[in-house]
Amino acid sequence: PFRITRYSQDGDLIFLPPWSLREATADADFYSTWKQAAQATGRLATIKGGALHARQFEAQSSFNIINLWTDNKNACTRVETQHLCKIFRVASPKNPYSIEAEILEYLTAQNMFLQHPELTTRYDLHPVNSDDTGIPVAIVTRYIHSNAKLWQELTAKIQHSRYPEPMREYSSRVTWFSILETTGKLGRLLAEFHLAMTQSRKNQLLNPETNTGDAKEKWLETILRSLNERIYQIRNVEPAQGLSPQDCKRLADFAHDLFEKIKQTEHLGLLIRTHGHAHLGQVLVSDDGLYLVNYETDSLDDEEYRLQKQSALKDLAAMMVSLQFAWSTTERNESLPVFNEILSPESEYGRHAIRKLEKFSEPQRYAPSLIDLENAFTRSYLLTIAEDASGIELLPQKNSDLENLYDFCFLLRILKEAVRDLRQLNPRFRTDLKILMNHVDGRLKRPNFEPFFNSPARFSLSPDQEPPYGMDSEFS
């Protein structure tokens with residue numbers, strides 16, 4: 003009734019194939035009986051012919067990835083869980099093996115998916131003694147319930163912190179610092195995820211390839227084609243709804259100049275295989291941590307593109323775009339015609355709305371800003387990257403190269419959002435264009451990348467020693 007797919011000798015990702023929740027109840031009795039029989043003997047057979055013993059330990063994961071979707075006929079909901087267990091690496095120096103992982107318990111209470119918008123997880127760590135390697139095995143039980151909780155919560159908190167009520171500014175101030183704490187934690191967890199993705203050395207599907215010239219040229223060719231397609235679609239929008247001809251020309255020139263700079267970058271950090279452009283709408287928040295949902299490209303994407311290594315900065319830039327949207331959602335522009343209609347003192351509703359708005363004012367004892375929010379995320383991300391030995395593989399080693407690559411990834415992401423909203427006739431398309439042109443004109447403040455370059459861990463190499471970048475035997 004079930005099939006487990008895993009990466010041989012590598013436990014960086016535990017992968018559970020799609021499950022049908024409609025059919026899951028019929029499997030419950032089997033799993034219950036199978037589990038009881040296994041516990042009675044204290045020994046479970048694994049797919050690879052090994053065996054697990056029932057001695058349990060507590061453990062926690064570095065990152066959790068969950069995919070939820072329905073089939074083409076909407077007949078059932080399917081679940082795919084990718085559980086990153088980088089922290090599960092407990093190999094001793096005498097036994098330097100990675101982790102072999104299996105999921106042994108099924109989602110036994112499927113009705114919880116519909117009843118509770120929460121996430122609960124249990125982690126057990128088991129040793130395996132079948133082949134005398136001593137490789138530990140992680141056992142994971144997962145219950146998945148809802149999506150996009152972090153986006154909703156973060157936007158509501160930003161609104162509360164930017165416009166506090168009189169005599170309640172302290173509460174809004176506490177809310178603002180809780181936002182900074184959440185985004186800082188998100189940056190740290192995303193960095194843990196990217197670092198773990200560079201540490202699977204034995205499986206070809208995950209093993210980072212060296213940054214060869216061919217790989218770089220192939221990536222640049224794919225990205226340039228995507229960039230031109232998105233700019234073409236933006237330029238074809240009527241000026242009344244889209245950009246003016248002058249803005250379109252500035253956009254094309256900006257993209258071309260930036261791409262030429264990227265071509266000169268020696269190391270692009272093309273190491274991340276699984277890439278879905280993480281954003282706030284894909285992140286859940288729960289009592290036991292943050293969860294990244296649907297971290298994968300669309301199944302309709304070209305298979306060659308799905309297997310191509312990407313830069314970690316694509317995720318970083320995508321998260322910055324998400325923060326831009328969360329912030330812009332709470333913006334007040336009282337010069338718009340709609341505000342003139344709503345806030346008209348001639349109507350009873352307008353007078354009520356004016357009194358309501360007057361209750362809220364800008365905070366006096368603290369100053370919430372978008373750049374502080376972005377820096378809280380990037381600082382945690384960059385420090386986590388810099389303090390790991392493999393982190394130097396992920397990002398360019400020159401500040402100018404890092405800034406150019408970030409600007410380029412940000413441009414790709416906001417163009418993607420604009421094209422998507424344009425196709426769906428989403429009114430947010432106007433916000434996309436505003437962020438896009440602010441980026442083109444340099445009105446957006448770039449996040450501070452100094453924590454990465456000033457980290458003490460980066461200076462552990464001798465002056466004449468080149469960073470590995472996946473070149474030496476350990477990374478090949």
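Going left to right, the sequence shown walks through residues 3 to 478 as the numbering used here numbers them. Yeah, the Cβ is synthetic: ideal placement off N, Cα and C, and Gly gets one too.
Rounding to the nearest angstrom, what Cα-Cα distance links Ile236 and Leu413 in this structure?
Start at 1 with the first residue of the sequence shown, and residue 236 comes out as number 234. Start at 1 with the first residue of the sequence shown, and residue 413 comes out as number 411. Ile236 and Leu413: Cα-Cα distance of roughly 13 Å.
If you draw a straight line from the C-alpha of Leu192 to the C-alpha of Asn377, how long is it?
The residue labelled residue 192 in the question sits at position 190 within the sequence shown. The residue labelled residue 377 in the question sits at position 375 within the sequence shown. It is roughly 15 Å from the alpha-carbon of Leu192 to the alpha-carbon of Asn377.
Per DSSP, the bridge partner or partners of Ile416:
Translated into positions along the sequence shown, residue 416 becomes position 414. Looking at the DSSP assignment, Ile416 forms no beta bridge with any residue, so it has no partner.
Determine the DSSP secondary structure at Gln399, reduced to helix, strand or coil.
As a first step, residue 399 must be located in the sequence shown, where it is residue number 397. Three-state DSSP puts Gln399 in coil, outside helix and strand.
Given this structure, state the Cα-to-Cα distance separating Phe379 from Pro449, to the nearest angstrom.
Indexing the sequence shown from 1 puts residue 379 at position 377. Indexing the sequence shown from 1 puts residue 449 at position 447. Phe379 and Pro449 have their alpha carbons spaced roughly 9 Å apart.
Local Cβ density within 10 Å of His281, reported as buried at 16 or more and exposed below that
To locate residue 281, count along the sequence shown from 1; it is residue 279. Buried, because 16 or more other Cβ atoms sit within 10 Å of the Cβ of His281.
Within 7 Å, strictly: CB atoms of Phe261 and Val442:
Taking the first residue of the sequence shown as 1, we reach residue 261 at position 259. Taking the first residue of the sequence shown as 1, we reach residue 442 at position 440. Taking 7 Å as the Cβ cut-off, Phe261 and Val442 do not qualify as a contacting pair.
Can you give the Cα-Cα distance for Thr386 and Leu417, rounded to whole angstroms?
If you number the sequence shown from 1, residue 386 lands on position 384. If you number the sequence shown from 1, residue 417 lands on position 415. Computed Cα separation, rounded: 29 Å.
Buried or exposed: which applies to Glu333, given that a residue is buried once 16 or more other Cβ atoms fall within 10 Å of its Cβ?
Here residue 333 refers to the residue found at position 331 when the sequence shown is read from its first residue. Exposed.
Short Cβ contact (7 Å threshold) for Thr185 with Lys159:
The residue given as residue 185 occupies position 183 in the sequence shown. The residue given as residue 159 occupies position 157 in the sequence shown. Contact flag unset, no.
Which ranges would you report for the alpha helix (DSSP H) in the stretch 226-258 if only whole runs of at least 4 residues count?
For the stretch 226-258, not a single whole alpha helix (DSSP H) run of length 4 or above is found.
Would you give the residue range spanned by the beta strand (DSSP E) that Leu273 belongs to?
For the purposes of this step, residue 273 is taken as the residue at position 271 of the sequence shown. Counting along the chain, the beta strand (DSSP E) containing Leu273 begins and ends at 272-274.
Taking C-alpha atoms, which residue in Asp259, Arg227, Asp216, Phe431 lies nearest to Glu268?
Here residue 268 is taken as the residue at index 266 of the sequence shown, counted from 1. Among Asp259, Arg227, Asp216, Phe431, the Cα nearest to that of Glu268 is on Asp216.
CA-to-CA distance, Ile181 to Leu272, given in whole angstroms
Residue mapping note: residue 272 aligns to position 270 of the sequence shown, counting from 1. Residue mapping note: residue 181 aligns to position 179 of the sequence shown, counting from 1. Between the alpha carbons of Leu272 and Ile181 lies a gap of roughly 31 Å.
Compute the Euclidean distance between the alpha carbons of Ser371 and Thr433, then round it to the nearest angstrom.
Residue 371 sits at position 369 when you count from the first residue of the sequence shown. Residue 433 sits at position 431 when you count from the first residue of the sequence shown. If you take the alpha carbons of Ser371 and Thr433, they lie about 18 Å apart.
Coil, strand or helix - Ser371 by DSSP
In the sequence shown, residue 371 corresponds to position 369, counting from 1. Collapsing the DSSP output to three states places Ser371 in coil.
For Arg80, three-class secondary structure by DSSP:
Start at 1 with the first residue of the sequence shown, and residue 80 comes out as number 78. Only weak support exists for where Arg80 lies, its pLDDT of 38 falling under 50; the value from the coordinates is given anyway. Strand.
What would DSSP say about Gln366, mapped onto helix, strand or coil?
Counting from 1 along the sequence shown, the entry for residue 366 is found at position 364. Collapsing the DSSP output to three states places Gln366 in coil.
Sorted by chain position, which residues of the same chain lie with C-beta nearer than 6 Å to Cys250's C-beta, five sequence neighbours on each side aside?
Counted from its first residue, the sequence shown places residue 250 at position 248. Counting only Cβ-Cβ distances below 6 Å, and skipping sequence neighbours, we find Arg237.
List the endpoints of the continuous alpha helix (DSSP H) containing Ser324.
The residue labelled residue 324 in the question sits at position 322 within the sequence shown. Bounds of the alpha helix (DSSP H) holding Ser324 are 315-331.
Do Gln312 and Ile264 come within 7 Å of each other at the CB atom, strictly closer than that value?
Here residue 264 corresponds to residue number 262 of the sequence shown, with the count starting at 1. Here residue 312 corresponds to residue number 310 of the sequence shown, with the count starting at 1. 7 Å or more divides the Cβ of Ile264 from the Cβ of Gln312.
With Arg445 and Ala319 assumed to form a contact (beta carbons below 8 Å), what rounded beta-carbon distance in angstroms separates them?
Here residue 445 refers to the residue found at position 443 of the sequence shown. Here residue 319 refers to the residue found at position 317 of the sequence shown. Not a contact, Cβ separation roughly 17 Å.
Can you tell me which of the three DSSP states Met114 falls into?
Within the sequence shown, the letter at position 112 stands for residue 114. Any reading at Met114 must be qualified, since the residue scores a pLDDT of 32, below 50, and its modelled position is unreliable; no value is offered.
Identified DSSP bridge partners for Gln1
Here the chain covers residues 3 to 478 and nothing more, so residue 1 does not appear.
Report all residues from its chain with a CB closer than 6 Å to the CB of Val323; omit the five preceding and five following residues, and keep chain order.
Along the sequence shown, one-based indexing puts residue 323 at 321. These residues qualify, in order along the chain: Arg415, Ile416.
Residue from Ile437, Tyr172, Arg425 whose Cα sits closest to the Cα of Asp409
As a first step, residue 409 must be located in the sequence shown, where it is residue number 407. Asp409 has its Cα closest to that of Ile437, out of Ile437, Tyr172, Arg425.
Could you check if Pro370 belongs to the surroundings of the ligand MN, using beta carbon to heavy atom distance under 6 Å?
No copy of the ligand MN appears in this structure; indeed no ligand is present at all.
DSSP puts Val176 in a beta bridge; with which residues?
Here the question's residue 176 lines up with position 174 in the sequence shown. According to DSSP, Val176 bridges with nothing at all.
Candidates Ser246, Glu364, Asn428, Arg232, of which the one nearest Met169 by Cα:
Translated into positions along the sequence shown, residue 169 becomes position 167. A check of alpha carbon separations from Met169 across Ser246, Glu364, Asn428, Arg232 identifies Glu364 as the nearest.
Please report the distance separating the alpha-carbon of Pro166 from that of Ser174.
One-based indexing of the sequence shown puts residue 166 at position 164. One-based indexing of the sequence shown puts residue 174 at position 172. Their backbone Cα atoms lie some 6 Å apart in a straight line.
CB contact flag (Leu325, Leu375, <7 Å):
In the sequence shown, residue 325 corresponds to position 323, counting from 1. In the sequence shown, residue 375 corresponds to position 373, counting from 1. Taking 7 Å as the Cβ cut-off, Leu325 and Leu375 qualify as a contacting pair.
Taking its Cβ as the centre, do 16 or more other Cβ atoms sit within 10 Å of Asn557, making it buried, or is it exposed?
There is no way to answer for residue 557, as the model of the chain reaches only from 3 to 478.
Quick check on Asp259: buried or exposed, where buried means 16 or more other Cβ atoms within 10 Å of its Cβ?
Here residue 259 corresponds to residue number 257 of the sequence shown, with the count starting at 1. By the neighbour-count rule (16 or more Cβ atoms within 10 Å), Asp259 is not buried but exposed.
Burial state of Arg425, where buried means 16 or more other Cβ atoms lie within 10 Å:
Sequence index remark: in the sequence shown, residue 425 carries index 423 (1-based). Its Cβ having fewer than 16 others within 10 Å, Arg425 is exposed.
What does DSSP give as the partner residues of Val421 in its beta bridges?
Residue numbering aside, residue 421 sits at position 419 when the sequence shown is read from its first letter. The partner list for Val421 (beta bridge, DSSP) is empty, contrary to what the question assumes.
Distance check for Val421 and Leu479, CA to CA, integer angstroms please.
The first residue shown for the chain is 3 and the last is 478, placing residue 479 beyond what the model contains.
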